[in-house]
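Enquirer: Sharing a structure here in structure tokens format.
Protein chains: 2
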Amino acid sequence: MKIYNFAAGPAVLPLEVLKNVQKDLVEYEESGMSVMEMSHRSQVYQTIIDDAEKNLRDLLDIPANYKVLFLQGGGTLQFSMIPLNLLKVKAGYINSGHWSIKAISEALKVGYVDILGSSEDKDFTYIPRITNIPEKDLDYVYYCDNNTIFGTKFNYVPETKRPLVCDMSSCFLSEKVDVSKYGLIFAGAQKNVGPAGVTIVIIRDDLLDSPSNLPTYLRYKIHADKNSLYNTPPAFNIYVCGEVFKWLKRIGGLDEIHKRDVEKAGLLYNYLDSSTFYTTKVEKESRSIMNVTFNTPSADLDCEFVKDAEKMGLVNLKGHRVSGGLRASIYNAMPLDGVKELVKFMDNFAKKHQKG
Amino acid sequence: MKIYNFAAGPAVLPLEVLKNVQKDLVEYEESGMSVMEMSHRSQVYQTIIDDAEKNLRDLLDIPANYKVLFLQGGGTLQFSMIPLNLLKVKAGYINSGHWSIKAISEALKVGYVDILGSSEDKDFTYIPRITNIPEKDLDYVYYCDNNTIFGTKFNYVPETKRPLVCDMSSCFLSEKVDVSKYGLIFAGAQKNVGPAGVTIVIIRDDLLDSPSNLPTYLRYKIHADKNSLYNTPPAFNIYVCGEVFKWLKRIGGLDEIHKRDVEKAGLLYNYLDSSTFYTTKVEKESRSIMNVTFNTPSADLDCEFVKDAEKMGLVNLKGHRVSGGLRASIYNAMPLDGVKELVKFMDNFAKKHQKG
Numbered sequence: 043m044k045i046y047n048f049a050a051g052p053a054v055l056p057l058e059v060l061k062n063v064q065k066d067l068v069e070y071e072e073s074g075m076s077v078m079e080m081s082h083r084s085q086v087y088q089t090i091i092d093d094a095e096k097n098l099r100d101l102l103d104i105p106a107n108y109k110v111l112f113l114q115g116g117g118t119l120q121f122s123m124i125p126l127n128l129l130k131v132k133a134g135y136i137n138s139g140h141w142s143i144k145a146i147s148e149a150l151k152v153g154y155v156d157i158l159g160s161s162e163d164k165d166f167t168y169i170p171r172i173t174n175i176p177e178k179d180l181d182y183v184y185y186c187d188n189n190t191i192f193g194t195k196f197n198y199v200p201e202t203k204r205p206l207v208c209d210m211s212s213c214f215l216s217e218k219v220d221v222s223k224y225g226l227i228f229a230g231a232q233k234n235v236g237p238a239g240v241t242i243v244i245i246r247d248d249l250l251d252s253p254s255n256l257p258t259y260l261r262y263k264i265h266a267d268k269n270s271l272y273n274t275p276p277a278f279n280i281y282v283c284g285e286v287f288k289w290l291k292r293i294g295g296l297d298e299i300h301k302r303d304v305e306k307a308g309l310l311y312n313y314l315d316s317s318t319f320y321t322t323k324v325e326k327e328s329r330s331i332m333n334v335t336f337n338t339p340s341a342d343l344d345c346e347f348v349k350d351a352e353k354m355g356l357v358n359l360k361g362h363r364v365s366g367g368l369r370a371s372i373y374n375a376m377p378l379d380g381v382k383e384l385v386k387f388m389d390n391f392a393k394k395h396q397k398g
Numbered sequence: 043m044k045i046y047n048f049a050a051g052p053a054v055l056p057l058e059v060l061k062n063v064q065k066d067l068v069e070y071e072e073s074g075m076s077v078m079e080m081s082h083r084s085q086v087y088q089t090i091i092d093d094a095e096k097n098l099r100d101l102l103d104i105p106a107n108y109k110v111l112f113l114q115g116g117g118t119l120q121f122s123m124i125p126l127n128l129l130k131v132k133a134g135y136i137n138s139g140h141w142s143i144k145a146i147s148e149a150l151k152v153g154y155v156d157i158l159g160s161s162e163d164k165d166f167t168y169i170p171r172i173t174n175i176p177e178k179d180l181d182y183v184y185y186c187d188n189n190t191i192f193g194t195k196f197n198y199v200p201e202t203k204r205p206l207v208c209d210m211s212s213c214f215l216s217e218k219v220d221v222s223k224y225g226l227i228f229a230g231a232q233k234n235v236g237p238a239g240v241t242i243v244i245i246r247d248d249l250l251d252s253p254s255n256l257p258t259y260l261r262y263k264i265h266a267d268k269n270s271l272y273n274t275p276p277a278f279n280i281y282v283c284g285e286v287f288k289w290l291k292r293i294g295g296l297d298e299i300h301k302r303d304v305e306k307a308g309l310l311y312n313y314l315d316s317s318t319f320y321t322t323k324v325e326k327e328s329r330s331i332m333n334v335t336f337n338t339p340s341a342d343l344d345c346e347f348v349k350d351a352e353k354m355g356l357v358n359l360k361g362h363r364v365s366g367g368l369r370a371s372i373y374n375a376m377p378l379d380g381v382k383e384l385v386k387f388m389d390n391f392a393k394k395h396q397k398g
């Protein structure tokens, strides 16, 4: 049976990429070894990581005064590394839910935090509209662009003259971004980019300086000075990310993938909007095109939905334990057919259970 | 041409494991997806990580009062996590070279360090014999068991009543170890265990408590409480490690692999000892069976050796930049034939260049 995987991350990868990785798994090109066996100091691996960085720079049009780092530790470690490197006195955070709260709690271990806005009043079902940020004394302004759990996404870039720091984990490479508006962007790979175990950080040169008494691994400057090869990197994971970057370039870059993502999400949202059975709590202007959250009329039916969908090969549709309900994560690598199958299933399920 | 990869890490993996991983790369068993695409909260992945842990526990006979953690950040992050979690006032470190010096410099950011012994006087070509450790006030005693760069290995376990902490990165799973003698053992995967990007930590329960103001990712307790699933783990990397553990069990466990490792190293050391062309600086009783360091009569010939060997498919024999010379890393997955080919090449090279 054909399986469509709607997991929020780790998530579906392009089949073409998986097949290429499979082909070269035992021996990469004519190197005589697997990428997993390669010294990270070898010429062949240097080419792999250089190409990965170059293709990412091309895709996002990253300016020359930004470094690209491939790190370990996921978003969780970034929640700490950001304040440890950048927070001298006080930082501003926008609270759009679970992952920004985690980031805030790590920042509070380092310094003062101003909450610039929050959507907690409505269970994070919308994105707070933040204007006129009181910039004085803020070392940086932080927000989480796409909120995987709630299915919300910023449809604007907060305006500030202070360095803007953004967790783009779950919308990274789903659209063009003006990198020059940011001081630091980070993204865990396991949504749109590759296997879990690598986190991409894009950081402006002037933010690299950090206290030298920090643990060495936690200093951006150390990794930047050595082009992510200060210590042994997650070499195979970076290689797979590089293959995804190549795939994105082949299909036409971020304009093309964004078009596809909008089409997929549109299909699902249009169906939800037309349905009298399903509801979605997220305000229209805050909708994510990566994670679509919705509910049937009851928690019991939500459960049944997940089970029945699984029987049809539509898996991982259960919402996050924090929010409950249902969630379809439809990242870059989810084919349009997967969304079509989902909508078809949803419609059948609604007809079966709808009273009236 | 058949390639034998003598890299110090990332390093050679068992061909059988690579072939299994390749077979299942696009679809793992009948899950409908690659391991790289699996939610780390899914039942199928839970089985993968549980099996990996169980097989590792079997191999090393890890007592029940020890936790096994699969972390990110490599040895470099462990150099910091250890003092941040365990160092209240002062710790004792044995200095056996490069990697212990790195660990010491991270500990010095946290507290006081007593250097319990050092082999710096002879360029780390031997292992200091430490007895009667002055235990008073030491939060723990730290050493690096196998020194990849210099080719040395402790042939004893330092005796102490304080928690013993050991970097076993480059000799992990090459022999049985009495885990109960240790408070904490760690090992980067990329030598004997799997692809870079996962670090195994074995820690005794009573050492898990740590300051709650530490960055969350850096607290052993957080990872232990969630069985390495506090945040998204390097899921694919852990899976490959698990396949290596299965392979080790299939071939007969650590007794069998140790026998093979001793045979391989014996072949190489016997040849070196009988040679009037090659020299090895390491004292006999401190020899590593994982990393064999040696020299030709000159640095120029060392260079030529590396180039000529490469032409014969014997790659990555250049010594570390710190020590110079030549190095053959012959980890668990290096076949005996690889060492035989190396000795044959060495002998031919010696005959070609030996004066007399």
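Quick mapping for you: the protein sequence lines, in order, are chains V and F.
Sequential numbering from 43 applies to the first sequence in the numbering used here.
Sequential numbering from 43 applies to the second sequence in the numbering used here.
Where a beta carbon is used, it is the ideal one built from N, C-alpha and C, also for glycine.
Write down the C-beta distance between V/Tyr373 and V/Lys218 rounded to the nearest angstrom, noting that I regard them as a contact closer than 8 Å.
Expert: Between V/Lys218 and V/Tyr373 the Cβ distance is about 17 Å, and since that is not below 8 Å, they are no contact.
Enquirer: Please look up how many angstroms separate the CB atoms of F/Leu310 and F/Ala370, rounded, as I've assumed it's under 8 Å.
Expert: 6 Å between Cβ atoms; contact.
Enquirer: Which one or two residues does DSSP pair with V/Tyr185 in a beta bridge?
Expert: Looking at the DSSP assignment, V/Tyr185 forms a beta bridge with V/Cys208.
Enquirer: Please confirm whether V/Leu368 has its beta-carbon closer than 8 Å to some beta-carbon of chain F.
Expert: Not closer than 8 Å to any Cβ of chain F, the Cβ of V/Leu368 fails to qualify, so no.
Enquirer: Tell me, please, whether the segment 175-184 of chain F touches the segment 321-332 of chain F by the rule of three or more beta-carbon pairs shorter than 8 Å.
Expert: Taking 8 Å as the limit for Cβ pairs, the verdict is that the segment 321-332 of chain F does not touch the segment 175-184 of chain F.
Enquirer: At 3 residues or longer, and completely inside the segment 261-346 of chain F: list those beta strand (DSSP E) runs for me, N to C.
Expert: You should have 333-336.
Enquirer: For F/Val221, name the three-state secondary structure that DSSP assigns.
Expert: Three-state result, F/Val221: helix.
Enquirer: Any Cβ of chain V within less than 8 Å of the Cβ of F/Gly230?
Expert: Chain V, which has a Cβ nearer than 8 Å to the Cβ of F/Gly230, makes this yes.
Enquirer: Could you tell me which chain F residues have their CB closer than 7 Å to the CB of V/Gly134, listed as they occur along the chain?
Expert: What V/Gly134 touches in chain F: nothing, since even the nearest Cβ is about 20 Å away.
Enquirer: Are there 16 or more other CB atoms within 10 angstroms of the CB of F/Cys345, so buried, or fewer, so exposed?
Expert: Exposed: under 16 other Cβ atoms inside 10 Å.
Enquirer: Near F/His265, which residues of its chain fall below 7 Å by C-beta distance, leaving aside the five closest residues on each side in sequence?
Expert: Once the five neighbours on either side are set aside, the close Cβ partners of F/His265 are Leu111, Leu113 and Tyr272.
Enquirer: Spell out whether any CB of chain V is found under 8 Å from the CB atom of F/Ser316.
Expert: No - not a single Cβ of chain V is within 8 Å of the one on F/Ser316.
Enquirer: By how many angstroms is the C-alpha of V/Asn333 removed from the C-alpha of V/Phe347?
Expert: Distance between the alpha carbons of V/Phe347 and V/Asn333 is about 17 Å.
Enquirer: Using the Cα positions of V/Lys291 and V/Asn97, report the straight-line distance between them to the nearest angstrom.
Expert: V/Lys291 and V/Asn97: Cα-Cα distance of roughly 8 Å.
Enquirer: Could you tell me whether any Cβ in chain F is nearer than 8 Å to the Cβ of V/Ala53?
Expert: Output row for V/Ala53: interface = yes.
Enquirer: Rounded to whole angstroms, what's the CA-CA distance from V/Lys44 to V/Lys386? Just pull it up for me.
Expert: Spanning the two alpha carbons is a distance of roughly 15 Å.
Enquirer: For the segment 222-247 of chain V, list every residue whose C-beta sits within 8 Å of some C-beta in chain F, in sequence order.
Expert: The segment 222-247 of chain V vs chain F, Cβ under 8 Å: Gly230, Gln232, Gly236, Pro237, Ala238, Gly239 and Val240.
Enquirer: To be precise: take each residue of the segment 55-66 of chain V, compare its Cβ to all Cβ atoms of chain F, and keep it if any distance is under 8 Å. Which residues remain?
Expert: Under the 8 Å Cβ criterion, the segment 55-66 of chain V contributes Leu55, Leu57, Leu60, Lys61, Val63 and Gln64.
Enquirer: Any residues in the segment 137-148 of chain F with a beta carbon nearer than 7 Å to a beta carbon of chain V? Which ones, in chain order?
Expert: Residues passing the 7 Å Cβ filter: Glu148.
Enquirer: Do you know how far the Cα of V/Phe166 is from the Cα of V/Arg302?
Expert: Whole-angstrom Cα-Cα distance: 27 Å.
Enquirer: For F/His265 and chain V, any beta-carbon pair shorter than 8 Å?
Expert: By this cut-off, F/His265 is not an interface position.
Enquirer: Quick check: the Cα distance between V/Pro205 and F/Gly284, rounded to an integer number of angstroms?
Expert: Going from the Cα of V/Pro205 to the Cα of F/Gly284 covers about 42 Å.
Enquirer: State yes or no: is the beta carbon of F/Tyr259 nearer than 8 Å to at least one beta carbon in chain V?
Expert: So, interface residue.
Enquirer: May I ask you to list the residues that DSSP assigns as paired with F/Ala370?
Expert: Its beta-bridge partners are F/Val334.
Enquirer: Between the Cα of F/Val243 and those of F/Trp289, F/Pro52 and F/Leu226, spot the shortest distance and give me the residue it belongs to.
Expert: Checking every option, the nearest Cα to that of F/Val243 belongs to F/Leu226.
Enquirer: Could you please give me the residues that DSSP links to V/Leu180 through a beta bridge?
Expert: Its beta-bridge partners are V/Lys132.
Enquirer: At the level of alpha carbons, what is the spacing between V/Ser81 and F/Gly116?
Expert: Distance between the alpha carbons of V/Ser81 and F/Gly116 is about 15 Å.
Enquirer: Select from the segment 76-95 of chain V all residues with a C-beta closer than 9 Å to any C-beta belonging to chain F, and list them in chain order.
Expert: Going along the segment 76-95 of chain V in chain order, one finds Ser76, Val77, Met78, Glu79, Met80, Ser81, His82, Arg83, Ser84 and Tyr87 with a Cβ nearer than 9 Å to chain F.
Enquirer: If the cut-off is 7 Å on Cβ atoms, which residues from the segment 149-161 of chain F count as contacting chain V, listed in chain order?
Expert: Taking 7 Å as the Cβ-Cβ cut-off against chain V, the residues of the segment 149-161 of chain F that qualify are Lys151.
Enquirer: Mark V/Asn358 as exposed unless 16 or more other C-beta atoms lie within 10 angstroms of its C-beta, in which case mark it buried.
Expert: Counting Cβ neighbours within 10 Å, V/Asn358 comes out buried, since at least 16 surround it.
Enquirer: Just the C-alpha distance for V/Tyr70 and F/Leu356, rounded to the nearest angstrom, thanks.
Expert: Approximately 17 Å between the Cα atoms of the pair.
Enquirer: Tell me, to the nearest whole angstrom, how far the beta carbon of F/Asn337 is from that of F/Leu384; I am working on the premise that it is less than 8 Å.
Expert: Actually they do not touch by this definition, with Cβ atoms about 15 Å apart.
Enquirer: Can you tell me whether DSSP reads V/Arg99 as helix, strand or coil?
Expert: Helix, per DSSP.
Enquirer: Mind listing which residues of the segment 267-285 of chain V have their C-beta closer than 8 Å to chain F's C-betas, in chain order?
Expert: Answer in chain order: Tyr272, Asn273, Thr274, Pro275, Pro276, Ala277, Phe278, Asn279 and Val282.
Enquirer: Using beta carbons (cut-off 8 Å, strictly below), is V/Ile45 in contact with chain F?
Expert: It does; some Cβ of chain F falls within 8 Å.
Enquirer: When you compare each of V/Leu102, V/Val59 and V/Ser138 to F/Met78 by their alpha carbons, which one comes out closest?
Expert: Closest option to F/Met78, Cα to Cα, is V/Val59.
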